[in-house]
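*Asks:*
Residue numbers (the working numbering): 341 to 598.
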């Protein structure tokens, strides 16, 4: 094996902050089993370069649920205009600071819209498919490809996995992830963890593992999705390791940690 790390190389997200685009999908969100918003007229707005937020026309938000908050802290200035924070009240549910409402905006299409905090709603849907964590960026591509490249995973000299039949996941803005059959993973050094994470493109994890090596616990090195989104079906039940936290060789060449 070559111990000289290969330079990390993968495509970066190339979107400008404050970019605005129309959302061609129906967007819905629910709270306590009730629909709070339902629109085919949302806009993507990139407040950060990595992923967008939905800006929802107020006319497509169920009337009477948004309650304006008062005081200087309730108002926020940005290049999109002055937004006022609103709480969300639905029956016994009260979610303070649930939305920022833009009555007017210098940006075409954003006047009279609301940007909801993701966690203020119980579930979000694009068409009839649930979306997790944040809106999916239309500029991010995720592919899962079966490969015969050899992959070896180590931590502190201990081999954790070795495979010649990985599934490679390519996701814009992230290093390539290598998903391995469980029979290629050495679970003797792995300890199940209670950690659960979610991804807008893959779904919610069903397993996490830390590694106990030489008496030290290295937390949350590996994870799996037993029930990923249908686009990522090839990774179902497979185990991946964080490139950033292990030593990784691909075809005998050590990979630089991202």
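Just so it is clear, CB atoms sit at the ideal spot from N, CA and C, and this is done for glycine as well. Small disclaimer: the values here were computed from a predicted structure and weren't measured.
Determine, using beta carbons only, whether residue 410 and residue 371 come nearer to each other than 7 angstroms.
*Replies:* Taking the chain shown and counting its residues from 1, one reaches residue 410 at position 70. Taking the chain shown and counting its residues from 1, one reaches residue 371 at position 31. Contact flag unset, no.
*Asks:* Should residue 509 go down as buried or exposed, given a rule of 16 or more other Cβ atoms within 10 Å for buried?
*Replies:* Residue mapping note: residue 509 aligns to position 169 of the chain shown, counting from 1. It counts as buried.
*Asks:* Quick one: does the C-beta of residue 434 sit closer than 6 angstroms to a heavy atom of the ligand SAH?
*Replies:* Although the ligand SAH was asked about, the structure shown includes no ligands whatsoever.
*Asks:* For residue 532, report the span of its beta strand (DSSP E) as first-last.
*Replies:* Here the question's residue 532 lines up with position 192 in the chain shown. 530–533 is the span of the beta strand (DSSP E), which, as asked, contains residue 532.
*Asks:* Suppose you measure from the CA of residue 451 to the CA of residue 384; what does that come to, to the nearest Å?
*Replies:* Position 111 of the chain shown, counted from the start, is the residue given in the question as residue 451. Position 44 of the chain shown, counted from the start, is the residue given in the question as residue 384. When rounded, the distance between both Cα atoms is 14 angstroms.
*Asks:* With distance defined between alpha-carbon atoms, name the residue in 561, 520, 466 and 446 nearest to residue 496.
*Replies:* Counting from 1 along the chain shown, the entry for residue 496 is found at position 156. Cα-wise, what sits closest to residue 496 is 561.
*Asks:* Who pairs with residue 353 in a beta bridge, going by DSSP?
*Replies:* Working through the chain shown from its first residue, we reach residue 353 at position 13. In the DSSP output, where bridge partners are listed per residue, residue 353 has none listed.
*Asks:* For residue 390 and residue 588, I'd like the C-alpha separation in whole angstroms.
*Replies:* By one-based count along the chain shown, residue 390 stands at place 50. By one-based count along the chain shown, residue 588 stands at place 248. Rounded to the nearest angstrom, the two C-alpha atoms are 26 angstroms apart.
*Asks:* Can you check the region 385–447 for any beta strand (DSSP E) of at least 3 residues that lies completely inside it and give the ranges in chain order?
*Replies:* For the region 385–447, whole beta strand (DSSP E) runs of length 3 or above, ordered along the chain, are 393–397, 406–408, 415–418, 421–430 and 433–442.
*Asks:* Following the continuous beta strand (DSSP E) through residue 367, name the residue where it begins and the one where it ends.
*Replies:* Within the chain shown, residue 367 is the residue found at index 27, counting from 1. Here the beta strand (DSSP E) through residue 367 covers 367–371.
*Asks:* Who are residue 378's beta bridge partners in DSSP?
*Replies:* Residue numbering aside, residue 378 sits at position 38 when the chain shown is read from its first letter. Note: residue 378 sits in a beta bridge opposite 368.
*Asks:* Note the first and the last residue of the continuous beta strand (DSSP E) segment covering residue 453.
*Replies:* For the purposes of this step, residue 453 is taken as the residue at position 113 of the chain shown. Segment 453–456, the beta strand (DSSP E) holding residue 453.
*Asks:* Please classify residue 504 as buried or exposed, where buried requires at least 16 neighbouring CB atoms within 10 angstroms.
*Replies:* Counting from 1 along the chain shown, the entry for residue 504 is found at position 164. Residue 504 is exposed by the Cβ-count criterion.
*Asks:* How would you write the range of the beta strand (DSSP E) that residue 362 sits in, first residue to last?
*Replies:* For this step, residue 362 is matched to residue 22 along the chain shown. Unbroken beta strand (DSSP E) run through residue 362: 360–362.
*Asks:* Is the region 532–550 touching the region 564–583 in the sense that three or more CB pairs, one from each, lie closer than 8 angstroms?
*Replies:* Result yes; three or more Cβ-Cβ pairs closer than 8 angstroms.
*Asks:* In whole angstroms, what is the alpha-carbon distance linking residue 584 and residue 442?
*Replies:* By 1-based counting over the chain shown, the position of residue 584 is 244. By 1-based counting over the chain shown, the position of residue 442 is 102. Rounded to whole angstroms, residue 584 to residue 442 spans 40 angstroms at the Cα level.
*Asks:* Could you check which residue in 572, 515, 407 and 392 has the C-alpha nearest to that of residue 473?
*Replies:* What you label residue 473 is simply residue 133 of the chain shown in a count that begins at 1. If we check each option's Cα against that of residue 473, 392 comes out closest.
*Asks:* If we ignore side chains and look at the alpha-carbon of each, how far apart do residue 436 and residue 572 end up?
*Replies:* Locating residue 436 in the chain shown gives position 96, where the first residue counts as 1. Locating residue 572 in the chain shown gives position 232, where the first residue counts as 1. Using only the alpha carbons, I get a separation of about 35 angstroms.
*Asks:* Return the first residue and the last residue of the beta strand (DSSP E) that residue 504 is part of.
*Replies:* Counting from 1 along the chain shown, the entry for residue 504 is found at position 164. Where residue 504 is concerned, there is no enclosing beta strand (DSSP E), given that its DSSP letter is neither H nor E.
*Asks:* When you compare only the Cα positions, how much space is there between residue 518 and residue 500?
*Replies:* Here residue 518 refers to the residue found at position 178 of the chain shown. Here residue 500 refers to the residue found at position 160 of the chain shown. Residue 518 and residue 500: Cα-Cα distance of roughly 13 angstroms.
*Asks:* Which residue's Cα is closest to the Cα of residue 526: 461, 515, 536 and 581?
*Replies:* Translated into the one-based positions of the chain shown, residue 526 becomes position 186. For the residues 461, 515, 536 and 581, the minimum Cα distance to residue 526 belongs to 581.
*Asks:* Between which two residues does the beta strand (DSSP E) harbouring residue 576 extend?
*Replies:* Within the chain shown, the letter at position 236 stands for residue 576. Unbroken run through residue 576: none, as it is neither H nor E.
*Asks:* List the residues that DSSP assigns as beta-bridge partners of residue 543.
*Replies:* As a working note, residue 543 is residue 203 in the chain shown. 539, per the DSSP bridge assignment.
*Asks:* Between the Cα of residue 484 and the Cα atoms of 541, 456 and 429, which residue gives the shortest distance?
*Replies:* Here the question's residue 484 lines up with position 144 in the chain shown. That would be 541, whose Cα lies nearest to the Cα of residue 484.
*Asks:* Skipping 5 residues on each side, what residues in its chain have a beta carbon closer than 8 angstroms to that of residue 480?
*Replies:* Looking up residue 480 in the chain shown gives position 140. Cβ within range, chain order: 353, 391, 511, 512, 513 and 541.
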